[in-house]
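Okay, so here's the structure we're looking at.
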Amino acid sequence: MKKIEAIVQPSRFDAVKSALQEVGVEGMTVSEVRGHGRQKGHTEVYRGSEYTVDLLPKIKVEMVVADSRKDSAIQAILRAAKTGKIGDGKIFVTNIDEAVRIRNEDRGETAL
Amino acid sequence: MRRRTSRLVLGGAVFLCLLPFGTFAQAPPAAGTAVASEVQDRIAKLEQQVADARSSGDNAWMLVSAALVLMMTGPGLALFYGGLVRKKNVLATMMQSFILMALITLLWALFGYSLVFHEGSRFLGNLGYGVLHGVGAAPNADYAATIPQQTFMVYQLMFAIITPALICGAFAERMKFSAMLLFMVLWSILVYDPMAHMVWGKGGLLNASWGGAFPTLDFAGGTVVHVTSGVSALVCALYMGKRLGFPKEPIPPHSVVLSVVGACLLWVGWFGFNAGSALAAGSLATSAFVATHFGAAAAALGWATAEWYAKGKASVLGAISGAVAGLVAITPAAGFVGPMSALVIGAAAGVGCYLMVTKVKSKFGYDDSLDAFGVHGAGGSLGALLTGVFAVKAINPIFKNAQGAASAVGLIDGNAAQVLNQLVGIAMAWGLAAVGTLVILKIVDVTVGLRVSEEQEVQGLDLSQHGEEGYNLEV
């Protein structure tokens, strides 16, 4: 099983969610985060002084999928989230040791 | 409607008065005298009713005005200042305004009103009205002949409340709550009460209505409220020092949304502050109302334009600050100047205060956190000065010559010397505020300690001073 963490532009999130549902990924955890890679922030003005805000709002989507689904999930995210500009985000993949469905205590890929 | 009815009533009374002379001229003297005195009684009663009706209108307006001015402090100023500080200090900042609503009321009731409005010396009243003795339903003709003195007292109380609250903008995010309370008690007694007495109290040195030695025109408190609090704010900012991280770290407002709401409440409330200072519901109140509104409008445009030109964008914070600056500047002028002059005063304040808080503040590097000096101190001084320029007898014939006719008031009226009188009043306010505040800061510093510890400042005043968090939005 693989955990896919995708950090995407907030404006692309709806498209990403739909694309993932289309390829059969239905469980996900979504959080609002702030961060940046190489993207510059923006300047704001307060009482005539300018200052840079370089922590930008992003959406983080986390999902755990079966190994066989990993590539189609990544492709779906890329299709939906990519604009070609700096600030599009990143995708990270890690291994998952165990998964358990709390309701009925299923384990392994059946719990996904 | 009331005017027409009262005129009809009066006309009828006069007719009735003349009737006996027409129809009973041949009647025996006894009957004629009885009717005549009955008519006199009725006229007297009618006159009383007319006076009561007029009082009723004035009193209604003044009570509403008092409520409007209180609203300026809570929630107006509480929101305006609250939105400008960091989230961790929002409650503490609002508490400073709120608690003064209670604290100053107590002081005013016990002796504050007396020290300001009872006769005494040229600098301070005596305690004749202590515990509001003698302040009841009967009007005090020295100040406002058509409303109960109690109305006048409670109206003035709202001014006494908001003035110290303005100072909090200077030491936001770093003063101990206990220190602030002690500071405010002392400031109210040592700075506000004398200044208010000098300008508004009978026998006051600067009183323009009663031939004070240096008659300073101050309709609603440009010097008494804004210059004193603004200069005190500057002294506090300099004495207490900058916030941790200032000016390297940007410390932007946590919610300009709250500040916008607050500023709008201030604008609306200011009609009570300025137009209510006419102390009656007549045409002078209207004139002050219009001047107030025009001043705010011109200043908002002035600041926004200046900022747009200088920075490429007109910020919302700038626009609302501009409006407040205009309201401050028009405060001393409201009941003395015409509407077009109000536009000029507003525009000058908008641009002038913009330069104060951007250029001057950054040049000298003091941390007047919420621009209490830049807006109130500077705006108030500018407004008081321009009052001497634009005041005209056509609006308010406050000066009379030896024959009792109205004489020139301000510069454009033909009395350039008034500008000098204004300068004296402004200088008095600066001097009293600066010296008084310095002394008080020293006392409080030595007894209670002014500033919170570094740890408390980092943690935030809401937690460290009040044990609370402003927003508990987590699940």
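The listed protein sequences correspond, in order, to chains A and B. Count the first sequence with my numbering and you get residues 52 to 163, in order. Count the second sequence with my numbering and you get residues 291 to 765, in order. Virtual Cβ for every residue (Gly too), placed ideally from N, Cα, C.
Using a Cβ-Cβ cut-off of 9 angstroms, S100(A) is close to P537, P540, T648, S652 of chain B, given in chain order. M646(B) sits buried, since 16 or more C-beta atoms from the chains shown fall within 10 Å of its C-beta. Contact with chain A is found for K603(B), since one of that chain's Cβ atoms lies less than 8 angstroms from the residue's Cβ. Here the C-alpha atom of A613(B) lies approximately 40 angstroms from the C-alpha atom of S82(A).
The beta carbon of G159(A) sits closer than 7 angstroms to those of A150, all from its chain and outside the five residues before and after it, given in chain order. Here V425(B) carries a coil assignment [DSSP, helix/strand/coil]. Taking the C-beta atoms as reference points, F504(B) is found no nearer than 8 angstroms to G667(B).
Residues are counted here when their Cβ sits less than 8 angstroms from a Cβ of chain B; for the segment 73-100 of chain A these are E95, V96, Y97, R98, G99, S100, given in chain order. Taking A356(B) as reference, the option from G491(B), G559(B), K538(B) with the minimal CA-CA separation is G559(B). At the C-beta level, F370(B) and A553(B) come within 8 angstroms of one another. By the neighbour-count definition (other C-beta atoms within 10 Å, threshold 16), L555(B) is a buried residue. Its chain contains A588, G592 as the residues whose beta carbon lies nearer than 6 angstroms to that of A637(B), once the 5 sequence neighbours on both sides are disregarded; these appear in chain order. Bridge partners of E95(A) according to DSSP: Y102(A). Residues of the same chain with a CB within less than 6 angstroms of the CB of L528(B), apart from the 5 flanking positions on each side, are Y656 in chain order. Distance from the CA of Q338(B) to the CA of A455(B), rounded to the nearest whole angstrom, comes to 41 angstroms. The continuous beta strand (DSSP E) containing F143(A) extends over residues 140-146. Annotation for V475(B): L393, L397 place their beta carbon closer than 8 angstroms to its own, counting only its chain and skipping 5 residues before and after.
For I137(A), there is no enclosing alpha helix (DSSP H), as DSSP gives it neither H nor E.
Restricting attention to A162(A), V116(A), R98(A), the CA atom closest to the CA of I153(A) is found in A162(A). For S69(A), DSSP records no beta bridge to any residue.
For S82(A), there is no enclosing alpha helix (DSSP H); the enclosing beta strand (DSSP E) has its first and last residue at 80-86. In this structure, V481(B) places its C-beta atom within 8 angstroms of the C-beta atom of A723(B).
Every alpha helix (DSSP H) stretch that sits fully inside the segment 688-744 of chain B and reaches 4 residues is listed by chain position as 707-737.
DSSP places K335(B) in the helix class (H, G or I) of the three-state scheme. Of the residues F654(B), A590(B), A523(B), L617(B), the one whose Cα lies closest to the Cα of A604(B) is A590(B). Y445(B) counts as buried, since at least 16 other C-beta atoms from the protein chains shown sit within 10 angstroms of its C-beta. With a cut-off of 8 angstroms on Cβ pairs, the segment 324-334 of chain B is not in contact with the segment 419-433 of chain B, counting fewer than three such pairs. Measuring C-alpha to C-alpha distances from P438(B) to each of A350(B), K335(B), A575(B) identifies A350(B) as the nearest. Rounded to whole angstroms, the Cβ separation of G670(B) and V489(B) is 12 angstroms, and the two are not in contact under 8 angstroms.
Less than 8 angstroms separates the beta-carbon of G415(B) from that of H487(B).
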